[in-house]
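In what follows, a structure is listed as structure tokens, so that the remarks can point back to it.
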Amino acid sequence: MIEGVAKWGSQTDMGMPTDIGIVDLGIGFPYQSIEEKKGAYDFFKANLKDKQSLEEMEFPAQYMFKDVPDVVSPDTDPVQWIVEKMDAFNIDMAKTGLSPNGIRAKEQYPDRFFLSMGVNPHEGVDALRKMEKAKADHDIVSAMIFPSGLVPQAAVNDKKLYPVYMKCVELDIPICINGGIVGPRMPSWPQHVEHFDEVLYDFPDLTMVMMHGGEPWTALAVKLMLKWPGLHYMTSAFAPKHYPKDIINFANTRGADKIMYCGYFPAGLSLERQFADMPNVPFKDEVWPKFLRDNAMRVFKIPPRS
Numbered sequence: 000m001i002e003g004v005a006k007w008g009s010q011t012d013m014g015m016p017t018d019i020g021i022v023d024l025g026i027g028f029p030y031q032s033i034e035e036k037k038g039a040y041d042f043f044k045a046n047l048k049d050k051q052s053l054e055e056m057e058f059p060a061q062y063m064f065k066d067v068p069d070v071v072s073p074d075t076d077p078v079q080w081i082v083e084k085m086d087a088f089n090i091d092m093a094k095t096g097l098s099p100n101g102i103r104a105k106e107q108y109p110d111r112f113f114l115s116m117g118v119n120p121h122e123g124v125d126a127l128r129k130m131e132k133a134k135a136d137h138d139i140v141s142a143m144i145f146p147s148g149l150v151p152q153a154a155v156n157d158k159k160l161y162p163v164y165m166k167c168v169e170l171d172i173p174i175c176i177n178g179g180i181v182g183p184r185m186p187s188w189p190q191h192v193e194h195f196d197e198v199l200y201d202f203p204d205l206t207m208v209m210m211h212g213g214e215p216w217t218a219l220a221v222k223l224m225l226k227w228p229g230l231h232y233m234t235s236a237f238a239p240k241h242y243p244k245d246i247i248n249f250a251n252t253r254g255a256d257k258i259m260y261c262g263y264f265p266a267g268l269s270l271e272r273q274f275a276d277m278p279n280v281p282f283k284d285e286v287w288p289k290f291l292r293d294n295a296m297r298v299f300k301i302p303p304r305s
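For the sequence shown, numbering that gives the first Met the number 0 begins at 0 and goes up steadily by one.
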């Protein structure tokens with residue numbers, strides 16, 4: 000471990016363990032130019048209107064993040080760069096997207112990387128065929144939908160998404176879906192947390208993982224996690240110092256099996272930032288192993304490394 004990680008135990012008296020191989024539910028790969036980075040967000044560019052988002056920012060949620068570490072030199076191997084970062088911070092395994100780098104990482108490190116695919120429900124039956132192929136070819140462990148980023152936008156409970164939910168149940172994989180106010184400057188109504196209630200009523204066998212905070216409706220998110228066995232939460236796009244209090248309190252009481260770590264590196268936050276903040280999160284001792292590893296392995300059916 001690097002020095003900063005080795006000092007976790009001395010930085011806090013809250014009991015954060017230093018001997019757990021962490022499962023990170025949201026690792027990506029760096030871009031090799033600013034142009035490549037900007038192009039990665041073109042899929043929802045039609046939803047943006049303000050000049051700053053369209054012309055001035057490197058990525059549409061830049062105003063929320065500082066010093067995003069997601070661009071490297073053209074001669075850097077993105078996969079090896081990520082593996083070295085994982086090793087430095089005791090990240091044992093990671094879930095990543097079904098991109099060329101993600102597929103290569105899975106091929107080179109089959110027991111360390113697990114793949115998830117983004118789904119566009121507007122593609123209709125083609126989207127379902129792609130899910131079936133991704134499961135057969137790459138054994139994806141989840142699907143993802145970004146409701147506010149769809150063009151046109153569609154809410155979590157929009158019936159256009161229902162075939163994707165049905166396919167997730169059929170493939171026995173979770174759906175990871177954004178909840179709460181969206182970061183880029185576009186409407187947030189598709190991600191209102193109240194929409195999750197109807198979906199989980201209609202799909203009692205669905206495993207659903209709320210991404211990107213659920214704010215400002217975190218109290219409602221907790222109520223829904225208590226209500227629906229299939230609803231879970233991961234901490235994507237949030238530095239540990241900003242984890243919602245409702246979520247921390249829930250993890251420390253009745254929700255220890257529901258809350259999971261997701262680092263969002265390198266898209267928004269450095270691992271240095273994540274693990275400098277992490278020891279100050281006031282989780283109970285018994286919550287840490289579940290938060291850092293156990294819940295993710297159970298929910299996403301990730302096998303232990305041999």
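Positions of the beta carbon are idealized from the N, C-alpha and C atoms, including for glycine. Everything numeric in this text was worked out from a predicted model, so none of it was measured.
- From the listed residues Gln273, Met277, His137, Pro162, the smallest Cα separation to Ile144 is found for Pro162.
- Closest by C-alpha distance to Phe113, out of Ala142, Phe64, Thr217, Pro243, is Ala142.
- DSSP places Lys132 inside the alpha helix (DSSP H), whose first and last residues are 124 to 137.
- In this structure, Val70 lies near Tyr30, with their beta-carbon atoms less than 8 angstroms apart.
- For Ala93, no alpha helix (DSSP H) run applies; the uninterrupted beta strand (DSSP E) run containing it begins and ends at 90 to 96, by DSSP.
- Beta-carbon to beta-carbon, Ile81 and Phe28 are separated by about 6 angstroms, close enough to satisfy the 8 angstroms threshold.
- For Val168, there is no enclosing beta strand (DSSP E); the residue is part of the alpha helix (DSSP H) that begins and ends at 161 to 170.
- Within the same chain, Leu114, Ser115, Met116, Ala133, His137, Ile139 come within 7 angstroms of Leu97 by CB-CB distance, once the 5 residues on both sides are set aside.
- When rounded, the separation of the alpha-carbon atoms in Phe195 and Gly123 is 21 angstroms.
- Beyond the five residues adjoining it in sequence on each side, Asp256 comes within less than 7 angstroms, by CB distance, of Lys289, Asn294 in the same chain, given in chain order.
- With respect to the C-alpha of Glu169, the residue from Ala93, Lys50, Met130 having the closest C-alpha is Met130.
- Boundaries of the beta strand (DSSP E) harbouring Tyr232: 230 to 233, taken from the DSSP string.
- C-alpha of Asn119 to C-alpha of Pro183: approximately 18 angstroms in a straight line.
- Excluding residues up to 5 positions away in sequence, Arg304, Ser305 lie with their Cβ nearer than 7 angstroms to the Cβ of Asp110 in the same chain.
- Cys261 is not bridged by DSSP to any residue.
- Secondary structure at Gly101: helix, using DSSP grouped into helix, strand and coil.
- Setting aside the 5 residues that flank it on each side, His231 is surrounded in the same chain by Pro173, Thr206, Met207, Val208, Met209, Met224, Lys257, Ile258, Met259, Asn294, Val298, each with a C-beta closer than 8 angstroms to its C-beta; the list follows chain order.
- Rounded to whole angstroms, the gap between the alpha carbons of Val192 and Glu271 is 31 angstroms.
- Per DSSP, reduced to three states, the secondary structure at Val70 is strand.
- Around the CB of Ala104, 16 or more other CB atoms lie within 10 Å, so the residue is classed as buried.
- Lys94 is a Cβ neighbour of Leu24, given a cutoff of 8 angstroms.
- Residue burial annotation: Met185 is buried, with at least 16 other C-beta atoms found within 10 angstroms of its C-beta.
- Ser32 carries a coil assignment under DSSP once its states are collapsed to helix, strand and coil.
- Look at Asp49 here: in three-state DSSP terms it is coil, with no helix or strand label.
- Cβ-Cβ distances below 6 angstroms link Val221 to Asp245, Phe249 in the same chain, with the five nearest sequence neighbours on each side left out; the list follows chain order.
- Between Phe202 and the set Ser187, Cys167, Pro73, Glu35, the nearest pair of CA atoms involves Cys167.
- CA-CA distance, Asn100 to Glu34, rounds to 17 angstroms.
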